[in-house]
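The block underneath contains the structure these notes are about, expressed in structure tokens.
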Amino acid sequence: MRLSSLADYAVVMMAAAARRCGESCRLNATTLAADTGLPLPTVQKLVSKLSAAGLIESARGTGGGFRLARPAAAITVADIVEAIEGPIALTACVDSGKHDCCVQETCRVKPHWNAVNGAVKGALAGITLSQLSAAPASAGGQHPESVDRVPALAGEQV
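If you're matching positions, the sequence shown starts at 9 in our numbering and goes up one per residue.
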């Protein structure tokens, strides 16, 4: 299981925004692109999606920009992933509607997928943006600024 590049980058971007100033000041997309190494169009696209999901607030004009809509401790990885990807579901069969599954009528696992999805979502909901934006406890020689880098592969641990 891997996150899409956009979901991965949204987490990187939100952690950088929380480190930079959280909900206390406004950032612009250019600054965040420079801080994270993400392309400006990607940051702009993510700002739009995260704003629509209510995770960031944006304002236009002089003094405009965006900021976290609530404290970093109240935003989870699950919130960010769902803002970009939609509801967390490992299989399509938990969604309502018909699916292309050759065992749909006789599947004995389908009733259990909601529990699996809940466990995954619960794990992601247990990690807050404030945890991701803090300096690592045991960096093993890593400098805190190296945490901002763009992951080489979508889904790489940040």
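Beta carbons: idealized from backbone N, C-alpha and C, even for Gly.
Return helix, strand or coil for R75, following the three-state DSSP convention. Counted from its first residue, the sequence shown places residue 75 at position 67. The answer is strand: DSSP assigns R75 an E or B state.
Here's the rule: buried if 16 or more other CB atoms are within 10 angstroms of the residue's CB, otherwise exposed. What is G73? As a position in the sequence shown, residue 73 is number 65, starting the count at 1. Per the 10 Å Cβ criterion, buried.
Sheet register partners of I64 (DSSP bridge): As a first step, residue 64 must be located in the sequence shown, where it is residue number 56. Answer is L76.
Quick check: the segment 60-71 against the segment 117-135, are at least 3 beta-carbon pairs closer than 8 Å? no
Ends of the alpha helix (DSSP H) at G126? One-based indexing of the sequence shown puts residue 126 at position 118. Per DSSP, G126 belongs to the alpha helix (DSSP H) from 121-133.
Of all the options R34, S56, I88, R10, which has the alpha carbon lying nearest to the alpha carbon of V20? The count along the sequence shown starts at 1 and reaches residue 20 at position 12. Among R34, S56, I88, R10, the Cα nearest to that of V20 is on I88.
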